[in-house]
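Residue numbers (our numbering), protein chains in the order written: chain Y, 1 to 344; chain Z, 345 to 688.
Where is the CB? At the ideal position from N, CA and C, for every residue including glycine.
Because the structure is a prediction, the values reported are computed rather than measured.
Heads up: the structure comes next, in structure tokens.
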């Protein structure tokens, strides 16, 4: 009987009735697999011309150890914090992170994708621009290498790690309601899906608590300069007369920074004791929030877990691609923690 | 007469009595060079078998368009600001920046150098760790590709762009002296050369102004977490009794952030009007300094020029290396600008 030819490891594995990873294991170290399976492979080998193409088999190990990290802007301390943690986690696992910012510009996000591909990174962890993202750019990246998103799920198909905005808004709204006047929500421009989710979480919790929600939209052209937007928004509110209430909940810490600065500059006292004029809270607990005057009450996103899970998912997807298997986990949504400080 | 053989463009240029860049120009576009030189090259060509190896001649153009940017930490908004400006400048000039942090750790700085070399970047812009840098790592980088340093001149041999700390300290010390009590200097750990230069600038200016300098050393293990150090230092100062004076000048804005937060938390009023207890000033004008409560008086490093000159120097050095010439400029020291805000 003529011996059979097989074009690839996959073809041979199918013919031998074993999985591709099992076949790889056999070639790496036959003692790793069950004897019955080993015998089946060896029988199939004897009946074939098949010889593993060692170069091809190791091609997947010829991936670089470099991993790309792409975020909208490093001017946002939240991204800085998560990226730093991702970088340290990757280095610990023997990978080399390279970071690229899209500077919140769609055309630079698309160019960053090209750069990452030219650097032949083994995979990428991406916080997409969101509203402004060019779908085609991220699709090109995803088609070429394993990709995990964090902070903003650009595409339902991609593995994603993010914050549970419904849970986090519920926690801080409930806290503010039970400790004083129910909060008014200071909206930010909807640059990512987080903004909409947080507003929805605020409205839902206020309704559950039996209060009417009041959302103040940001009357400014969309921008990522949240401190400036918060400052100007608070100036506009104060210019229109008195505050609409004694408790303001900002959609993120950076907006709260600006709002606090404008309130302080106009002579208002910010804080949670009775002598103060206004309570201001934020969301994110970015690294400088503990050093504002007063320190900022906020919801701490679980930055260490966002980083750890992003790395874990990415490495699982790289490994799966190498093995031809399907990874189990595709989505991780993490709860945030209330951080009570002096501002509210 | 037998025609001569030449192994390289360099050999042929020498034999023809022209420079290597001139020879390159001739092959690119003969009309670019003087007629007498052109004739000399053409005469030499006729007498030789020399034909330019187009591949070799374009080797230097086969540099990637990627440029590495290496900084100690992106948790420092000053680095974030300068890196962002460098990235935008590079993109405008058709280069693709990739950013790596050393996370303030010498072993990660050395690894970052290896990563940059493995990515085959055409050049690198580096803010060295300073005190902690492994000299050998930066030397390896410098030996392989053109490198420009900013913020901290690790090595006198490398092109450098930085702040004129003598000028900037003189400006803010003079301002504080003429607007109130002479300042006490709150020292930071000497992680880079800036710290020492700023203290020296403070001392020199106080002496010129006829005041005794008073430097309060930072009683803590060296660290890059300047906000925390500033907070704890101010707590220690206040725990020891009253403030040593009404005007505090911090060696950088991040330290001033922490010092302000601790002063505020202990009930002190910060600001420049007479009703306030203490004036606090910083140095750097990093992006959040205008949003503190009160906004921070500081010296604005010329971040746009630091970024622009770093890129300009690097591209000049890459071009020179390709042409075999020596670039003229190696060092750019930039003046800072006083930014008077509410804190002092």
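1. Ignore the nearest five residues each way along the sequence and tell me which others in residue 181 of chain Y's own chain have a CB closer than 7 Å to its CB.
2. Does DSSP put residue 486 of chain Z in a helix, a strand or coil?
3. Mark residue 480 of chain Z as exposed unless 16 or more other C-beta atoms lie within 10 angstroms of its C-beta, in which case mark it buried.
4. Among Z:538, Z:597, Z:618, which residue has its Cα nearest to the Cα of residue 635 of chain Z?
5. Could you tell me whether the Cβ atoms of residue 334 of chain Y and residue 299 of chain Y are closer together than 9 Å?
6. Assign residue 446 of chain Z to buried or exposed, taking buried as 16 or more other Cβ atoms, counted over all protein chains shown, within 10 Å of its Cβ.
7. CA-CA distance, residue 257 of chain Y and residue 232 of chain Y?
8. For a contact meaning CB atoms closer than 7 Å, what does residue 206 of chain Y contact in chain Z?
9. Does DSSP put residue 676 of chain Z in a helix, in a strand, or in coil?
10. Select from the region 190-219 of chain Y all residues with a C-beta closer than 8 Å to any C-beta belonging to chain Z, and list them in chain order.
11. Going by DSSP, which residues form a beta bridge with residue 682 of chain Z?
12. For the beta strand (DSSP E) that residue 125 of chain Y lies in, which residues bound it at each end?
13. What is the DSSP secondary structure of residue 55 of chain Y, reduced to helix, strand or coil?
14. Say whether the region 654-668 of chain Z touches the region 487-503 of chain Z, bearing in mind that this needs 3 or more beta-carbon pairs closer than 8 Å, one atom from each stretch.
15. Using the C-alpha atoms, what's the distance from residue 223 of chain Y back to residue 189 of chain Y?
16. Does the beta carbon of residue 638 of chain Z come closer than 9 Å to any beta carbon on chain Y?
17. Tell me residue 279 of chain Y's beta-bridge partners as DSSP assigns them.
18. Is the beta carbon of residue 129 of chain Y closer than 9 Å to that of residue 154 of chain Y?
19. Would you kindly check if the distance between the Cβ of residue 112 of chain Y and the Cβ of residue 82 of chain Y is under 9 Å?
20. Return the residue from the list Y:305, Y:266, Y:341 that minimises the CA-CA distance to residue 289 of chain Y.
21. Measure from the C-beta of residue 340 of chain Y to each C-beta in chain Z and report whether the shortest distance is under 9 Å.
22. Pairs of beta-carbons, one from the region 601-620 of chain Z and one from the region 353-373 of chain Z, closer than 8 Å: are there three or more?
23. Give the DSSP bridge partners of residue 504 of chain Z, in chain order.
24. Which residues does DSSP list as the beta-bridge partners of residue 185 of chain Y?
25. CA-CA distance, residue 109 of chain Y and residue 19 of chain Y?
26. If we define contact as Cβ-Cβ less than 9 Å, is residue 261 of chain Y a contact residue for chain B?
27. Tell me the DSSP secondary structure of residue 33 of chain Y in three-state form.
28. Three or more C-beta pairs closer than 8 Å, one from the region 431-450 of chain Z and one from the region 370-390 of chain Z: is that the case here?
29. Contact check, residue 346 of chain Y vs residue 243 of chain Y under 8 Å by CB: the rounded distance?
30. Could you check the C-alpha separation between residue 687 of chain Z and residue 660 of chain Z for me, to the nearest Å?
31. So, does the CB of residue 425 of chain Z fall closer than 9 Å to a CB anywhere in chain Y?
32. Using the Cβ count rule (16 or more neighbours within 10 Å means buried), how would you classify residue 178 of chain Y?
33. From the DSSP output, read off the bridge partner residues of residue 97 of chain Y.
34. Would you tell me roughly how many angstroms separate the C-alpha atoms of residue 512 of chain Z and residue 616 of chain Z, rounded to the nearest one?
35. Alpha carbon to alpha carbon, how far is residue 656 of chain Z from residue 650 of chain Z?
36. Considering only their Cβ atoms, is the gap separating residue 583 of chain Z from residue 545 of chain Z smaller than 9 Å?
The relevant details are as follows:
1. Counting only Cβ-Cβ distances below 7 Å, and skipping sequence neighbours, we find 245, 246, 247.
2. It is helical.
3. By the C-beta density criterion, residue 480 of chain Z is exposed, having fewer than 16 other C-beta atoms within 10 angstroms.
4. Measuring from the Cα of residue 635 of chain Z, the nearest candidate turns out to be Z:597.
5. Not a contact, by the Cβ cut-off of 9 Å.
6. Counting the other Cβ atoms within 10 Å of the Cβ of residue 446 of chain Z gives 16 or more, which makes it buried.
7. Rounded to whole angstroms, the gap between the alpha carbons of residue 257 of chain Y and residue 232 of chain Y is 11 Å.
8. Here the premise fails: no neighbours, minimum Cβ distance about 28 Å.
9. Here DSSP, grouped into helix, strand and coil, assigns residue 676 of chain Z to strand.
10. If the cut-off is 8 Å between Cβ atoms, the region 190-219 of chain Y has nothing near chain Z.
11. Under DSSP, residue 682 of chain Z takes part in a beta bridge, and its partners are Z:643.
12. Per DSSP, the continuous beta strand (DSSP E) segment holding residue 125 of chain Y begins and ends at 123-126.
13. In this prediction, residue 55 of chain Y has a pLDDT of 37, which is less than 50 and means its spatial position is unreliable; nothing more can be read from the coordinates.
14. By the Cβ rule, the region 654-668 of chain Z counts as touching the region 487-503 of chain Z, because three or more pairs are nearer than 8 Å.
15. Looking at the two C-alpha atoms, the distance is approximately 7 Å.
16. Taking Cβ atoms only, chain Y reaches closer than 9 Å to residue 638 of chain Z, which makes this a yes.
17. For residue 279 of chain Y, which the question treats as bridged, DSSP gives the partners Y:247.
18. Taking 9 Å as the cut-off, the Cβ atoms of residue 154 of chain Y and residue 129 of chain Y count as close.
19. No, these two residues do not count as a Cβ contact at 9 Å.
20. Residue Y:341 is the option with its Cα nearest to residue 289 of chain Y.
21. Not one chain Z Cβ lies under 9 Å of residue 340 of chain Y.
22. The answer is no - the region 353-373 of chain Z does not touch the region 601-620 of chain Z, with fewer than three Cβ pairs under 8 Å.
23. DSSP, once it has assigned bridges, lists Z:493, Z:675 as partnering residue 504 of chain Z.
24. Residue 185 of chain Y is bridged by DSSP to Y:215, Y:249.
25. In this structure, the alpha-carbon of residue 109 of chain Y lies about 39 Å from that of residue 19 of chain Y.
26. Absent from the structure is chain B; the protein chains it does hold are Y and Z.
27. Residue 33 of chain Y falls in the coil class under three-state DSSP.
28. Verdict: no, contact absent.
29. Limits of chain Y in this structure are 1 at one end and 344 at the other, which puts residue 346 of chain Y out of reach.
30. Take the alpha-carbon of residue 687 of chain Z and the one of residue 660 of chain Z: they are about 41 Å apart.
31. Yes, its Cβ sits closer than 9 Å to a Cβ of chain Y.
32. Within 10 angstroms of the beta-carbon of residue 178 of chain Y lie fewer than 16 other beta-carbons, which makes it exposed.
33. Y:67.
34. Approximately 20 Å between the Cα atoms of the pair.
35. Cα to Cα, the separation comes out at about 10 Å.
36. Contact: no.
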